[in-house]
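Take 1 as the starting number for the sequence shown in my numbering and just add one per residue. Heads up: the structure comes next, in structure tokens.
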Amino acid sequence: GGGLASALGRSGAGAAAAPAGLGLRLCLGGWGSLVNPTGVAACPGSGRLAVAHDGKKRIHVFGPSGACLRRFGERGDAGSDIKYPLDVTVTSDGHVVVTDGGDRSVKAFDFEGRGVLAVREGFCLPWGLDATSENEVILTDSEAGALYRLAADFRRGELKKCQKIRSRLVSPRAVAVCQTTGAVVVIEHLKARGPSKGSTRVKIFSAEMDLIGQMDSFGLNLVFPSRIHATAVAFDKEGRVIVTDVCSQAVICLGKPEEFPIFNPLISHGLSYPVGLTYTANNSLVVLDSGDYSVKVYSST
């Protein structure tokens with residue numbers, strides 16, 4: 001909206017410390033290829049992208065050049081099927097881990113699409129997840145209001161631990177882990193009083209799970225003229241928190257935890273309903289846009 005354009009005008013010169021301008025390099029998927037996509041993740045080693053969506057096969061794997069390499073995860077009741085994927089991440093050893101809202105489980109696959117592990121115990125509604133640099137997975141349980149750390153030997157299909165590391169969160173969904181500091185950022189979804197839509201709150205925790213920063217829509221309104229509804233979150237390689245905002249159809253940098261929140265729009269046009277966000281190993285920014293069922297890859301110009 002006009003709020004974003006004027007904010008861009010104001011912040012353009014002062015935002016030199018933030019990432020350089022981003023240009024759209026690649027657009028993947030589209031209607032028919034992807035159906036109501038919910039999550040995107042990048043493989044740290046290979047540059048492949050995994051996308052979770054509502055099609056016949058739930059996970060699409062794209063190569064770095066954009067070719068569709070594989071589809072897997074049938075919609076069904078078998079052990080390696082995926083009923084309703086809510087999010088996806090890729091571990092440093094190349095396993096695709098998916099939260100399945102359909103049977104309230106977390107499932108891991110190799111890149112061939114073979115199911116190697118399914119964790120069903122103890123979750124109410126597992127939702128968002130992100131892999132750490134130590135090959136563990138941090139995940140949110142939206143119904144339980146909790147954050148879990150999951151460790152497994154994915155090659156052997158053995159669960160080592162699934163530990164609750166934070167509770168009393170409000171409908172936590174998207175989550176991201178900083179690969180250098182281990183900090184964790186979570187988006188909570190707050191219910192609205194009355195007819196208005198609910199709002200979101202961004203919380204940052206240190207690696208030791210101490211709350212080190214938070215920002216709700218009201219607080220963001222003090223820095224930024226229009227309402228923000230955050231749907232996805234990531235850390236860039238400098239440790240800045242990046243969110244997608246479906247209100248202004250933008251990707252916004254909120255700064256590092258210690259400067260949180262600044263306000264710097266990175267992408268402010270060309271998106272219709274951004275719901276997923278990740279960075280590739282070569283520092284391209286990947287945005288999942290469920291408005292036009294596409295994956296958009298941006299690089300510094």
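Glycine is no exception: its CB is placed at the ideal position from the N, C-alpha and C atoms.
Q.
Please state the DSSP three-state secondary structure of E74.
A. Taking the first residue of the sequence shown as position 1, residue 74 is located at position 74. Three-state DSSP puts E74 in a strand.
Q. Where S284 and Y298 are concerned, what is the direct C-alpha to C-alpha distance, given to the nearest angstrom?
A. Numbered from 1 along the sequence shown, position 284 holds the residue referred to as residue 284. Numbered from 1 along the sequence shown, position 298 holds the residue referred to as residue 298. Taking the straight line joining both Cα atoms gives about 6 Å.
Q: Please classify A176: is it buried, with 16 or more other beta-carbons within 10 angstroms of its beta-carbon, or exposed?
A: For this step, residue 176 is matched to residue 176 along the sequence shown. It is buried - the Cβ of A176 has at least 16 other Cβ atoms within 10 Å.
Q) Does the beta-carbon distance from V295 to V98 come in below 8 Å? A) Taking the sequence shown and counting its residues from 1, the one referred to as residue 295 is at position 295. Taking the sequence shown and counting its residues from 1, the one referred to as residue 98 is at position 98. No. Outside cutoff.
Q) If we call anything under 8 Å between Cβ atoms a contact, is S105 one with V119? A) The residue you call residue 105 lines up with position 105 of the sequence shown. The residue you call residue 119 lines up with position 119 of the sequence shown. For S105 and V119, yes; Cβs fall inside 8 Å.
Q: Report, in whole angstroms, the separation of the C-beta atoms of A232 and A174, which I expect to be a contact under 8 Å.
A: Your numbering for residue 232 matches position 232 in the sequence shown. Your numbering for residue 174 matches position 174 in the sequence shown. About 5 Å; that satisfies the 8 Å criterion.
Q) Just to confirm, does I212 get its C-beta within under 7 Å of one of the non-hydrogen atoms of the ligand ADP? A) Of the ligands one can find in the structure shown there are none, so the ligand ADP has no counterpart to examine.
(Q) Using only the alpha-carbon positions, how far apart do I138 and S248 sit? (A) Within the sequence shown, numbered from 1, the residue matching residue 138 stands at position 138. Within the sequence shown, numbered from 1, the residue matching residue 248 stands at position 248. Rounded to the nearest whole angstrom, the C-alpha separation of I138 and S248 is 28 Å.
Q: Please confirm if the stretch 73-85 is in contact with the stretch 48-62, defined as three or more CB-CB distances below 8 Å between the two stretches.
A: Yes: the two stretches touch, three or more of their Cβ pairs being nearer than 8 Å.
**Q.** Whole beta strand (DSSP E) elements within the stretch 186-251, 3-residue minimum
**A.** Listed in chain order, the complete beta strand (DSSP E) runs (minimum 3 residues) inside the stretch 186-251 are 199-205, 211-216, 230-235, 241-245.
Q.
So Y293 and L24 are supposed to be a Cβ contact under 8 Å. How far apart are they, rounded?
A. Stepping through the sequence shown from its first residue, residue 293 is reached at position 293. Stepping through the sequence shown from its first residue, residue 24 is reached at position 24. For a cut-off of 8 Å, the C-beta gap from Y293 to L24 is around 16 Å, too long to register as a contact.
(Q) So, for G122: in the same chain, excluding its five sequence neighbours on each side, which residues have a beta-carbon less than 8 Å away from its beta-carbon? (A) The residue given as residue 122 occupies position 122 in the sequence shown. Closer than 8 Å at Cβ, skipping near neighbours: C162.
Q | Close-in-space but distant-in-sequence residues of the same chain around L29 (CB under 6 Å, 5 per side omitted) | A | As a first step, residue 29 must be located in the sequence shown, where it is residue number 29. Before going further, note that residue 29 is Gly rather than Leu in the sequence given. Closer than 6 Å at Cβ, skipping near neighbours: Y293, S294, V295.
Q: State the Cα-Cα distance for the pair S133 and D93, rounded to the nearest angstrom.
A: Counting from 1 along the sequence shown, the entry for residue 133 is found at position 133. Counting from 1 along the sequence shown, the entry for residue 93 is found at position 93. Their backbone Cα atoms lie some 10 Å apart in a straight line.
Q. Beta-carbon of P126 versus every beta-carbon of chain C: anything under 8 Å?
A. Among the chains of the structure shown, chain C does not appear; only one protein chain is present.
Q: Buried or exposed for E188, please, with buried defined as at least 16 other CB atoms from any protein chain shown within 10 angstroms of its CB.
A: The sequence position of residue 188 within the sequence shown is 188, counting from 1. By the Cβ-count criterion, E188 is buried, with 16 or more other Cβ atoms from all chains shown falling within 10 Å of its own Cβ.
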